[in-house]
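Colleague: In the working numbering, the protein residues as written are 7 to 136. Heads up, the beta-carbon is just placed ideally off N, CA and C, and yes, glycines get one too.
Right, here's the structure in full:
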């Protein structure tokens with residue numbers, strides 16, 4: 007069975023600054039990337055979302071609740087754009103590792119078996135009225 011290789015976005019639980027840094031790295035790797043010329047518009051949109059998040063991070067340092075909420079919304083928008091770009095990259099590359107490693111996104115970990123599954127210990131069944 008052929009293993010399908012894909013890129014993923016692994017930024018769940020990371021700070022907005024980490025998301026911004028990673029998206030800037032992806033924009034740098036994807037700008038002018040000969041393997042993905044059709045995705046230039048999405049890269050530009052990701053760069054614009056990164057600019058918005060950077061401005062929102064600067065404003066959020068004031069501690070204002072409105073500025074922090076705006077930062078959170080900008081981070082969500084950035085992640086949405088990054089996820090869309092990731093899906094488009096996977097669609098265009100169709101598992102070609104040589105193309106995928108030029109994107110700046112990590113490759114998905116290969117599936118592996120969990121090993122031997124042991125039967126549950128101390129399993130109790132209760133009969134109740136229905």
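Measuring alpha carbon to alpha carbon, tell me which of 125, 126, 96 and 121 ends up nearest residue 112.
Modeller: Along the chain shown, read from residue 1 onward, the residue named residue 112 stands at position 106. The residue with the shortest Cα to Cα distance from residue 112 is 96.
Colleague: The alpha helix (DSSP H) that contains residue 100, what's its start and end?
Modeller: Taking the first residue of the chain shown as 1, we reach residue 100 at position 94. From DSSP, residue 100 is part of no alpha helix (DSSP H); its letter is neither H nor E.
Colleague: If distances are taken between C-alpha atoms only, which option among 81, 40 and 37 comes closest to residue 60?
Modeller: Numbered from its first residue, the chain shown carries residue 60 at position 54. Comparing Cα positions, the closest option is 81.
Colleague: Select from 62, 48 and 83 the residue whose C-alpha is nearest the C-alpha of residue 93.
Modeller: Your numbering for residue 93 matches position 87 in the chain shown. Here the closest residue by C-alpha is 48.
Colleague: Mapping DSSP to helix, strand and coil, what is residue 13?
Modeller: By 1-based counting over the chain shown, the position of residue 13 is 7. Here residue 13 sits in strand by DSSP.
Colleague: Have a look at residue 53 and residue 36 and give me their C-alpha separation to the nearest angstrom.
Modeller: As a position in the chain shown, residue 53 is number 47, starting the count at 1. As a position in the chain shown, residue 36 is number 30, starting the count at 1. Straight through space, the alpha carbons of residue 36 and residue 53 are spaced by roughly 11 Å.
Colleague: CB residue 62 to CB residue 76, shorter than 8 Å?
Modeller: Taking the first residue of the chain shown as position 1, residue 62 is located at position 56. Taking the first residue of the chain shown as position 1, residue 76 is located at position 70. Result yes, Cβ atoms of residue 62 and residue 76 sit closer than 8 Å.
Colleague: Helix, strand or coil: which one does DSSP assign to residue 6?
Modeller: Since the displayed the chain opens at 7 and closes at 136, residue 6 lies outside it and no answer follows.
Colleague: For residue 39 and residue 109, I'd like the C-alpha separation in whole angstroms.
Modeller: As a first step, residue 39 must be located in the chain shown, where it is residue number 33. As a first step, residue 109 must be located in the chain shown, where it is residue number 103. Looking at the two C-alpha atoms, the distance is approximately 8 Å.
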